[in-house]
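A.B. asks: In my numbering, the protein residues as written are 68 to 566. Before I ask anything, let me first share the structure, which is written out below as structure tokens.
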Amino acid sequence: MYCSRFFFQLAFCVACIVFMSNFSIASTQTQKILILNASHKGDDMSDSILDGIESVLYPKYSNIELYIEYMDINRHSKQDSFVLLRELYARRYGNTVFNGILACDDFALQFVIENRNSLFPKIPVVFCGVERIQVKNNQMPSDITGIMEAYNLFDTIDIAQKLHPGISKMVVISDNTSTGKNRISHFKQIIQKLNMNVQTIEIIPDTVSDLIKKIKEIPEKSIVLFLHFSQDNNKNQYSPAKVINMISSELKAPLYTAWFFPRANGVLGGKMVNGSRQGKLAANMIVEILKGKPVQTIPVLKQSPNSYIFNYQQMNKFNIRLSDLPGGSIITHKPKTFLYKYRKIIGYIMLAFLCLFGSVFMLLANISRRKKAEKKLEQQVRVLKTFMETIPNPLFFKDENNRFNQCNVAFQALIGMDDQEIIGKTFKDITTIELAELYEEKECMLIEEPGFQSFEAPFQRSNGEIFTVIINHATITDENGKPTGLIGSIQDITDIKAH
Numbered sequence: 068m069y070c071s072r073f074f075f076q077l078a079f080c081v082a083c084i085v086f087m088s089n090f091s092i093a094s095t096q097t098q099k100i101l102i103l104n105a106s107h108k109g110d111d112m113s114d115s116i117l118d119g120i121e122s123v124l125y126p127k128y129s130n131i132e133l134y135i136e137y138m139d140i141n142r143h144s145k146q147d148s149f150v151l152l153r154e155l156y157a158r159r160y161g162n163t164v165f166n167g168i169l170a171c172d173d174f175a176l177q178f179v180i181e182n183r184n185s186l187f188p189k190i191p192v193v194f195c196g197v198e199r200i201q202v203k204n205n206q207m208p209s210d211i212t213g214i215m216e217a218y219n220l221f222d223t224i225d226i227a228q229k230l231h232p233g234i235s236k237m238v239v240i241s242d243n244t245s246t247g248k249n250r251i252s253h254f255k256q257i258i259q260k261l262n263m264n265v266q267t268i269e270i271i272p273d274t275v276s277d278l279i280k281k282i283k284e285i286p287e288k289s290i291v292l293f294l295h296f297s298q299d300n301n302k303n304q305y306s307p308a309k310v311i312n313m314i315s316s317e318l319k320a321p322l323y324t325a326w327f328f329p330r331a332n333g334v335l336g337g338k339m340v341n342g343s344r345q346g347k348l349a350a351n352m353i354v355e356i357l358k359g360k361p362v363q364t365i366p367v368l369k370q371s372p373n374s375y376i377f378n379y380q381q382m383n384k385f386n387i388r389l390s391d392l393p394g395g396s397i398i399t400h401k402p403k404t405f406l407y408k409y410r411k412i413i414g415y416i417m418l419a420f421l422c423l424f425g426s427v428f429m430l431l432a433n434i435s436r437r438k439k440a441e442k443k444l445e446q447q448v449r450v451l452k453t454f455m456e457t458i459p460n461p462l463f464f465k466d467e468n469n470r471f472n473q474c475n476v477a478f479q480a481l482i483g484m485d486d487q488e489i490i491g492k493t494f495k496d497i498t499t500i501e502l503a504e505l506y507e508e509k510e511c512m513l514i515e516e517p518g519f520q521s522f523e524a525p526f527q528r529s530n531g532e533i534f535t536v537i538i539n540h541a542t543i544t545d546e547n548g549k550p551t552g553l554i555g556s557i558q559d560i561t562d563i564k565a566h
């Protein structure tokens with residue numbers, strides 16, 4: 068019985084060791100995440116979502132490897148894109164095992180759902196930036212979760228009229244795309260629901276030039292609402308931020324929108340779709356899944372995580388106070404005051420002062436010990452100086468500009484000059500130009516490639532006598548290995564050469 072118990076305990080210990088070993092390997096092995104982005108690099112909302120994802124995954128999780136695919140479906144045929152991308156991803160990732168997929172935008176999620184069995188079997192999926200989910204029988208696969216996106220035009224219009232009471236005109240900007248037409252229709256429904264007594268003007272221009280021309284005609288006592296403009300009637304493509312930046316300089320009235328475009332500078336504010344926030348939430352979901360949480364237990368976030376976002380510069384332009392804004396509003400383009408700009412440095416300085424104040428008593432206790440150390444150091448310096456003066460070998464020190472900054476008596480005697488004639492000078496000042504150029508060429512080589520150098524060369528005393536010497540050089544470096552000067556010694560070998 069004792070033997071059986073012993074073997075049971077031994078087996079249990081071995082199992083624990085194996086389990087912990089496997090757990091350790093799993094926790095440190097590379098986790099591969101595929102990001103499918105339905106748009107293209109440079110799309111404002113797409114880039115904002117990706118920034119949010121990376122801000123969560125990159126700083127904390129070094130073992131996560133991202134595979135980012137820009138599908139660029141929004142600018143091309145969806146059906147053709149799906150066919151081409153299906154074949155491309157099958158070839159590219161046929162042998163790659165992913166731990167999770169992030170699908171950004173409606174088309175990306177639809178592509179994943181349609182190709183799950185062939186391309187992405189049993190891989191957990193987190194989506195964001197999705198307005199409508201298209202699945203058969205309205206049955207979402209159990210291993211898919213994420214964040215729904217819905218723009219909040221109602222709250223944007225509501226806050227705009229509250230911040231600008233007495234406005235009689237509301238101008239909306241859109242295009243002739245299906246998205247633009249849908250948003251115009253939605254806008255009209257909201258105006259009726261709010262029972263606003265305003266004149267609404269729709270600007271659906273043929274071209275951007277036409278848009279700018281009409282923008283200039285909008286009176287100051289108006290509210291301008293940017294709904295959509297991604298394509299003109301000539302099929303030219305535009306990013307919303309680019310259009311906003313083009314028209315904002317011509318606007319005399321405040322501009323609102325329900326989408327946050329980080330590159331757009333002229334929008335006053337609104338209740339906005341926040342791509343960065345969606346990306347962060349989606350990234351946190353994928354992290355939970357990688358840690359072992361079943362995707363089925365993570366519910367879909369159906370309430371779009373929109374934010375009130377306002378531009379501080381535009382607020383000042385239209386006399387909007389911070390106290391007028393809804394609670395929790397995000398303020399962009401704040402002026403960087405001295406205190407704000409250097410707040411971290413000021414905080415560090417204050418913390419340093421507190422630490423120094425608390426360290427005063429400790430420093431007082433060390434004063435006597437430091438004085439003893441200084442006396443000992445002074446003694447060592449005196450010994451070193453005495454050694455240098457009494458050593459028979461000529462020694463010299465030079466700075467990074469090849470000027471003498473110290474030499475011993477033997478060196479002075481060798482060349483026939485005193486230290487006042489040597490210190491601060493170069494070889495060109497104490498010997499011939501030809502010899503000086505030879506020495507300084509060697510010194511420059513040593514500064515460029517620090518180390519030790521020894522060479523034989525002729526030398527000239529101050530009285531014109533030429534003799535043969537061996538010059539030994541070594542680089543002096545600082546704590547970072549950067550050359551700060553040279554130390555050298557000279558040996559007269561004239562007699563040796565004569566024999």
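Virtual Cβ for every residue (Gly too), placed ideally from N, Cα, C. None of the values given here were measured: they were computed from a predicted structure.
Which of the three DSSP states, helix, strand or coil, is assigned to G233?
C.D. replies: Coil.
A.B. asks: So, at 6 Å on beta carbons, what are the nonlocal neighbours of G119 in its own chain, with the 5 sequence-adjacent residues on each side left out?
C.D. replies: Excluding positions up to five away in sequence, the list reads S343, G346, K347.
A.B. asks: Are G167 and L357 close, meaning C-beta to C-beta below 8 Å?
C.D. replies: Taking 8 Å as the Cβ cut-off, G167 and L357 qualify as a contacting pair.
A.B. asks: With a Cβ-Cβ cutoff of 8 Å, do N460 and S556 count as a contact?
C.D. replies: Closer than 8 Å, so yes.
A.B. asks: Going by DSSP in three states, Y379 sits in which element: helix, strand or coil?
C.D. replies: The answer is helix: DSSP assigns Y379 an H, G or I state.
A.B. asks: I think F327 touches A308, with their Cβ atoms under 8 Å apart; what is that distance to the nearest whole Å?
C.D. replies: About 10 Å separates the two Cβ atoms, so there is no contact after all.
A.B. asks: For S209, which residues from the same chain have a beta carbon less than 6 Å from its beta carbon, with the 5 sequence-adjacent residues on both sides left out?
C.D. replies: Around S209: Q363.
A.B. asks: In angstroms, rounded to a whole number, what distance separates the CA positions of K260 and G337?
C.D. replies: Spanning the two alpha carbons is a distance of roughly 18 Å.
A.B. asks: Are the beta-carbon atoms of E523 and T535 separated by less than 8 Å?
C.D. replies: In this structure, T535 lies closer than 8 Å to E523 by Cβ.
A.B. asks: For chain D, is any of its Cβ atoms less than 8 Å away from the one on S390?
C.D. replies: The displayed structure is made up of one protein chain only, and chain D is not part of it.
A.B. asks: Are three or more beta carbon pairs between the segment 280 to 288 and the segment 308 to 321 nearer than 8 Å?
C.D. replies: Contact holds: three or more Cβ-Cβ distances are below 8 Å.
A.B. asks: Exposed or buried, which one is P286 when buried takes at least 16 other CB atoms within 10 Å?
C.D. replies: P286 comes out exposed.
A.B. asks: My guess is that F478 and F463 are in contact by the Cβ rule of under 8 Å, so how many angstroms apart are they, rounded?
C.D. replies: So it is a contact: roughly 5 Å between Cβ atoms.
A.B. asks: Measuring straight from C-alpha to C-alpha, what distance separates D559 and I537?
C.D. replies: Using only the alpha carbons, I get a separation of about 7 Å.
A.B. asks: Name the residue from F254, Y125, R153 whose alpha carbon lies nearest to the alpha carbon of R183.
C.D. replies: When each option's Cα is compared against that of R183, the closest is R153.
A.B. asks: By the DSSP assignment, the beta strand (DSSP E) with S521 in it spans what residues?
C.D. replies: Looking at the DSSP string, the run of the beta strand (DSSP E) that includes S521 is 519 to 527.
A.B. asks: Is it the case that the Cβ atoms of F165 and I190 are separated by a distance below 8 Å?
C.D. replies: Cβ distance < 8 Å, so F165 and I190 count as in contact.
A.B. asks: In this structure, does DSSP put E565 in helix, strand or coil?
C.D. replies: A small fix is needed here, since residue 565 is Ala in this sequence, not Glu. The answer is helix: DSSP assigns A565 an H, G or I state.
A.B. asks: Report the three-state DSSP secondary structure of Q487 (helix, strand or coil).
C.D. replies: Note: Q487 maps to helix in three-state DSSP.
A.B. asks: If V123 sits next to N351, beta carbons under 8 Å apart, how far is it from one beta carbon to the other, in whole angstroms?
C.D. replies: Going by Cβ atoms, the distance from V123 to N351 rounds to 6 Å, so yes, they are a contact pair.
A.B. asks: What beta strand (DSSP E) runs, 3 residues minimum, are completely inside the segment 220 to 292?
C.D. replies: Runs found: 236 to 240, 266 to 270.
A.B. asks: Does DSSP put E121 in a helix, a strand or coil?
C.D. replies: The answer is helix: DSSP assigns E121 an H, G or I state.
A.B. asks: Less than 6 Å between C-beta atoms, sequence neighbours within five positions excluded: which residues of the same chain meet that for A503?
C.D. replies: Excluding sequence neighbours, A503 sits near F494, K495.
A.B. asks: Quick one: what's Y550 bridged to in DSSP?
C.D. replies: What sits at residue 550 in the sequence shown is Pro, not Tyr. In DSSP, P550 forms a bridge with T544.
A.B. asks: Please determine if the segment 368 to 378 and the segment 411 to 428 are in contact, where contact requires at least 3 C-beta pairs separated by less than 8 Å.
C.D. replies: Touching, no, given that fewer than three Cβ pairs across the two stretches are closer than 8 Å.
A.B. asks: When you compare only the Cα positions, how much space is there between G359 and T97?
C.D. replies: Taking the straight line joining both Cα atoms gives about 15 Å.
A.B. asks: Is there contact between the segment 547 to 554 and the segment 505 to 522, where contact requires at least three CB pairs shorter than 8 Å?
C.D. replies: Taking 8 Å as the limit for Cβ pairs, the verdict is that the segment 505 to 522 does touch the segment 547 to 554.
A.B. asks: Smallest Cα separation from T274: which of T267, V310, V291?
C.D. replies: Residue V310 is the option with its Cα nearest to T274.
A.B. asks: Select from I180, D114, D222 the residue whose C-alpha is nearest the C-alpha of Y375.
C.D. replies: Checked all of I180, D114, D222; the closest Cα to Y375 is D222.
A.B. asks: Using a Cβ distance threshold of 8 Å, determine whether the segment 106 to 116 contacts the segment 130 to 140, with at least three qualifying pairs required.
C.D. replies: Yes, the segment 106 to 116 is in contact with the segment 130 to 140.
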